[in-house]
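Protein chains in written order, with this note's numbering: chain A, 6 to 235; chain B, 0 to 223.
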């Protein structure tokens, strides 16, 4: 237990902040994923063959390629790509991207592919009458989307989104390969300096279990909220 | 785009694919055995066995695969009696540690898939078997298992693909699988996009094959 003391003698505070980092990366990855899903879900549902192809390639490639490979691509290629774009605008100095941004972006792209599938499924299972009714009423497109489709879509999507959240949360452990100090990286450092890997990795497992357990509780509450009246 | 690099790295990556496939097939076989075992425990009415199986799948599904590999590879070596026992021959090899971690992980998911498949079997089948006077064992082997396999095929296909992606974590414990070699080439040439296209293409090809094989099996074993 001495190993977990807060302050300079133990690893308690370090692991605490590492846990906060894991939560922060997961949340920002989830948000980035939603942005991707908002772009790619309409593409996947579109009748235009070309747009459809783009949407399908995104989800197929990301869901068929290991997460680590995507992370390596962004980690090694990310600053190069940003520097290339910057050089077009006449900025030629070296740019290093923060590990947090690369990490959440990488996990965000992955979680976005899963979210896209979830949203697509949810929209497809909304009753056709709802689309027709809002058309007949002459609702404008934004009103139609935000007031008619979105609330129903969210209710249908939440159970599956909770799965996406779990996957995202667990995927953040892979970011540790890029050196961002989250739970896994911190345990690695602690295990290396105390020569007690069994304890620290088991403790990391407990932290992840705690996070998944607590988030499930929270999501269940959300679910009951959105299921009012059903 | 560096086409030469893509062509020259292709054979190396293809060689590494063999390691990935070996890891995948061995862990799927062990995982299926574990999964079936724990699914049966889960359906048992004995509360202790039932809870044991529940906690097994809860723990392995609630923690990242990376933690599981690290505990087994770095952690277990710390226990003195494991080091002196015959198990150490297996546990000192990263290859077997990775397979143990993957098997336990996919076993947990498989047990959930099989459990729900067993639970959704129409009671009429079991009652029909009962009324024909077939013994419990034969009902299990000849009625429940074939139907459960059919029911769980789509979900199990997904699990195979997830596991294929999971084997990439073997590269974190020094194994040179497809991702490991890809990372090595990236870090020596600093050409991430080219290597990603080749390695990603190989992975996509494998998922494509798995997907279609499962689809074929689904059609073959459907009732209609």
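Heads up, the beta-carbon is just placed ideally off N, CA and C, and yes, glycines get one too.
Confirm, please, whether the CB-CB distance from residue j to residue i is below 8 Å.
i, j, result
"residue 8(A)", "residue 201(A)", "yes"
"residue 176(B)", "residue 188(B)", "no"
"residue 197(B)", "residue 75(B)", "no"
"residue 22(B)", "residue 107(B)", "no"
"residue 27(B)", "residue 105(B)", "yes"
"residue 232(B)", "residue 147(B)", "Lying before the first or after the last residue shown, residue 232(B) is absent from chain B, which here runs from 0 to 223."
"residue 188(A)", "residue 198(A)", "no"
"residue 112(A)", "residue 24(A)", "no"
"residue 156(B)", "residue 169(B)", "no"
"residue 12(A)", "residue 120(A)", "no"
"residue 115(A)", "residue 67(A)", "yes"
"residue 26(A)", "residue 211(A)", "no"
"residue 213(A)", "residue 145(B)", "no"
"residue 126(A)", "residue 202(B)", "no"
"residue 2(A)", "residue 171(A)", "Outside the displayed range of chain A (6 to 235) lies residue 2(A), so it cannot be described from this structure."
"residue 138(B)", "residue 77(A)", "no"
"residue 81(A)", "residue 191(B)", "yes"
"residue 206(A)", "residue 66(B)", "yes"
"residue 142(B)", "residue 124(B)", "yes"
"residue 224(B)", "residue 102(B)", "Nothing can be reported for residue 224(B): it is not among the residues displayed for chain B, which extend from 0 to 223."
"residue 36(B)", "residue 74(A)", "no"
"residue 128(A)", "residue 50(A)", "yes"
"residue 100(A)", "residue 91(A)", "yes"
"residue 78(B)", "residue 203(A)", "yes"
"residue 206(B)", "residue 160(B)", "yes"
"residue 40(B)", "residue 48(B)", "yes"
Give the interface partners of residue i over in chain B, defined as CB-CB distance under 7 Å, in chain order.
i, result
"residue 71(A)", "164, 167, 178 and 202"
"residue 213(A)", "61, 62, 63 and 66"
"residue 179(A)", "65"
"residue 217(A)", "61"
Please check the pair residue i and residue j, which I expect to be a contact at CB under 8 Å, by giving their CB distance rounded to whole angstroms.
i, j, result
"residue 114(B)", "residue 220(B)", "Not quite, the Cβ-Cβ distance comes to about 19 Å (not below 8 Å), so this is no contact."
"residue 183(A)", "residue 108(A)", "6 Å"
"residue 195(A)", "residue 16(A)", "5 Å"
"residue 152(B)", "residue 213(B)", "6 Å"
"residue 167(A)", "residue 153(A)", "That pair is no contact at about 24 Å."
"residue 124(A)", "residue 42(A)", "5 Å"
"residue 19(A)", "residue 191(A)", "6 Å"
"residue 231(A)", "residue 159(A)", "6 Å"
"residue 38(B)", "residue 83(B)", "So it is not a contact: roughly 35 Å between Cβ atoms."
"residue 172(B)", "residue 53(B)", "About 29 Å separates the two Cβ atoms, so there is no contact after all."
"residue 142(A)", "residue 110(A)", "Going by Cβ atoms, the distance from residue 142(A) to residue 110(A) rounds to 40 Å, so no, they are not a contact pair."
Which chain A residues are close to residue i, counting only those with a beta carbon under 7 Å from its beta carbon?
i, result
"residue 189(B)", "81"
"residue 185(B)", "77 and 81"
"residue 182(B)", "77"
"residue 195(B)", "74 and 78"
Who are the neighbours of residue i on chain B, taking C-beta pairs under 8 Å?
i, result
"residue 182(A)", "171"
"residue 210(A)", "58, 62, 66, 67 and 70"
"residue 222(A)", "Per Cβ cutoff of 8 Å: no residues; residue 222(A) is ~13 Å from chain B at best."
"residue 145(A)", "Near residue 145(A) there are no residues of chain B at all, since even the closest Cβ is about 39 Å away, more than 8 Å."
"residue 49(A)", "Residues of chain B passing the Cβ test: none, with the nearest at roughly 18 Å."
What does residue i reach in chain B if we use C-beta pairs closer than 9 Å?
i, result
"residue 196(A)", "69, 73 and 74"
"residue 66(A)", "199 and 203"
"residue 89(A)", "Per Cβ cutoff of 9 Å: no residues; residue 89(A) is ~11 Å from chain B at best."
"residue 207(A)", "66, 70 and 74"
"residue 189(A)", "63, 65, 66 and 69"
"residue 230(A)", "By Cβ distance, chain B contributes nothing, its closest Cβ being about 24 Å from residue 230(A), past 9 Å."
Can you list the residues of chain A that residue i reaches, using a CB-CB cut of under 9 Å?
i, result
"residue 77(B)", "200, 201, 202, 203 and 204"
"residue 206(B)", "65, 68, 69 and 70"
What does residue i touch in chain A if you count any residue whose Cβ is under 8 Å from its own?
i, result
"residue 192(B)", "78 and 82"
Mind pulling the chain E residues with CB within less than 7 Å of residue i?
i, result
"residue 226(A)", "In the displayed structure, chain E is absent; the protein chains listed are A and B."
Task: Uninterrupted beta strand (DSSP E) stretches inside the stretch 133-197 of chain B (no shorter than 3 residues) - done: none
Task: Segments assigned alpha helix (DSSP H), at least 4 residues, entirely inside the stretch 172-207 of chain A - done: 188-199
Task: Entirely enclosed alpha helix (DSSP H) segments - the stretch 100-165 of chain A, minimum 4 residues - done: 104-129 and 133-141
TODO: May I have a chain-ordered list of the beta strand (DSSP E) segments no shorter than 3 residues that lie completely inside the stretch 26-50 of chain A?
DONE: none
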